[in-house]
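K.L.:
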Amino acid sequence: MRAILLSGGLALVLSLLGTRVAIPVLTAWGYGQLIRDDGPTTHHTKRGTPTMGGTVIIGSAVLGYLMGTFGTSHRPTASGLLLLLLFLGLGAVGFVDDYIKIVKQRSLGLRSRAKMTGQVLVAVVFGVLSLRFPDERGESPASRHLSFTRDWERWAMPTVVVVLLILLMIAATSNAVNLTDGLDGLATGASTMIFGAYTVMNIWQNNQSCELTPGPACYEVRDPLDLAVLAAALTGACFGFLWWNASPAKIFMGDTGSLALGGALAGMAIYTRTELLLVVLGGLLVAQALSVMLQVGFFKLTGGRRLFRMAPLHHHFELVGWDEITVVIRFWIITGLCVAAGLGVFYAEWVGGA
2 MRAILLSGGL ALVLSLLGTR VAIPVLTAWG YGQLIRDDGP TTHHTKRGTP TMGGTVIIGS
62 AVLGYLMGTF GTSHRPTASG LLLLLLFLGL GAVGFVDDYI KIVKQRSLGL RSRAKMTGQV
122 LVAVVFGVLS LRFPDERGES PASRHLSFTR DWERWAMPTV VVVLLILLMI AATSNAVNLT
182 DGLDGLATGA STMIFGAYTV MNIWQNNQSC ELTPGPACYE VRDPLDLAVL AAALTGACFG
242 FLWWNASPAK IFMGDTGSLA LGGALAGMAI YTRTELLLVV LGGLLVAQAL SVMLQVGFFK
302 LTGGRRLFRM APLHHHFELV GWDEITVVIR FWIITGLCVA AGLGVFYAEW VGGA
């Protein structure tokens, strides 16, 4: 527990203070945000706000995790280190994307094919490695079974299928967070709540681990305590960054942060055996991604008509007339309800099986 508190607290402080330092530095370097011309006109005032703040989130989370582990008797595990690999790998893809936007002075960075290639490469390496490194009980970080609140033991999947599903989850979640990161503090606040939920769930899984308390409702999860330490670090890093990212934002996380956070969320779901539960916990992210898919599909099927005034969904409500801060707060409330529902389902399943 000391490692969890230390990693979360240190990550929060590092992010809070580190972002304050990063804002003038990024401004001096000219790393300002470019705004889409076809977006809401109210966003044009944000042009030039420093971006790539995701580097601070990543640095704070990694340092918080490492200091929390080595500052106590806790030690990193294969699960924690592989999740860091995914987090840093997708952060690097996002960093290149943000850097090209700034250098080329355009609102789109990497070409879609190049960006997807980078995401696929990181996800496949992560997926392959996640099926290795079994512990004394034979548990690898990732499972060969689909899961909701725990593995469905009846269907064991071959390696290729598992890696493809991991790739799909990582691509979907990282892009969903990227789409959500369109209003001040929206993606940061939502990520804080979901990572906070995973901190609680990992602590519970550790306390009810089959290694510590064997029984019909115990959890066959490798390294739940280390996952809790990392989830706490991610929660603290996002929470500290939110101080500066909330409306009116003084800095944006950019693709550097959104891709990394989305990948970490997918990795948490995979390693905690709660893959499908992420759909509930991240209900807002699902709605944002679906709004884009529905908009594109409806546009093609109807020969140019639009289902929403603009996608992702938060822009639709802006164009309807809601103030940006109103959209953000109401979407935070929706995220809170989704997180509460997900935690409720998670606990109810345990009670039912105990």
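Under the working numbering, read the sequence shown as residues 2 to 355, first letter to last.
Ideal Cβ placement from N, Cα and C applies to all residues, glycine included.
Can you check whether the CB of ALA177 is closer than 7 Å to the CB of LEU286?
P.N.:
Against a cut-off of 7 Å, the Cβ pair of ALA177 and LEU286 comes out as a contact.
K.L.:
May I ask you to report which of helix, strand or coil DSSP gives TYR32?
P.N.:
The answer is coil: DSSP assigns TYR32 none of H, G, I, E or B.
K.L.:
Would you kindly work out how many angstroms separate the C-alpha atoms of LYS105 and LEU111, rounded to a whole number?
P.N.:
Each residue's alpha carbon lies about 10 Å from the other.
K.L.:
When the Cα atoms are used, what is the spatial distance from GLY69 to GLY241?
P.N.:
About 17 Å.
K.L.:
Residue range of the alpha helix (DSSP H) that ARG114 falls in?
P.N.:
Element bounds for ARG114: 113-131.
K.L.:
Considering only C-alpha positions, which residue in the set GLY190, ALA173, ALA265 is nearest to TYR92?
P.N.:
Checking the sequence, you will find Gly at residue 92 rather than Tyr. It is ALA265.
K.L.:
Among SER131, THR150, ARG151, ASP152, whose alpha-carbon lies nearest the alpha-carbon of PRO142?
P.N.:
Closest by alpha carbon: SER131.
K.L.:
I'd like the span of the beta strand (DSSP E) that includes LEU147, first residue to last.
P.N.:
Looking at the DSSP string, the run of the beta strand (DSSP E) that includes LEU147 is 146-148.
K.L.:
Quick one: is GLU1 buried, meaning 16 or more other Cβ sit within 10 Å of its Cβ, or exposed?
P.N.:
In the structure as shown, the chain starts at 2 and stops at 355, and residue 1 therefore has no counterpart that could be examined.
K.L.:
With a 10 Å radius around its C-beta and 16 neighbouring C-beta atoms as the bar for buried, classify ARG151 as buried or exposed.
P.N.:
Result: buried.
K.L.:
Buried or exposed, going by whether 16 or more other CB atoms sit within 10 Å of the CB of TRP245?
P.N.:
Under this definition TRP245 is a buried residue.
K.L.:
Whole angstroms is fine: what's the gap from VAL282's alpha carbon to VAL26's?
P.N.:
Strictly speaking, residue 282 in this sequence is Leu, with Val absent from that position. Their Cα atoms are separated by approximately 35 Å.
K.L.:
Of the choices ALA4, LEU15, PHE347, VAL63, whose alpha-carbon is the least far from that of TYR220?
P.N.:
Here the closest residue by C-alpha is PHE347.
K.L.:
What did DSSP end up calling HIS45 once you bin it into helix, strand or coil?
P.N.:
Its pLDDT being 46, under 50, HIS45 is placed unreliably in this model, and the coordinates cannot settle the point.
K.L.:
Return the CA-CA distance between THR200 and ALA233, expressed in angstroms with no decimal places.
P.N.:
Cα-Cα distance, rounded: 6 Å.
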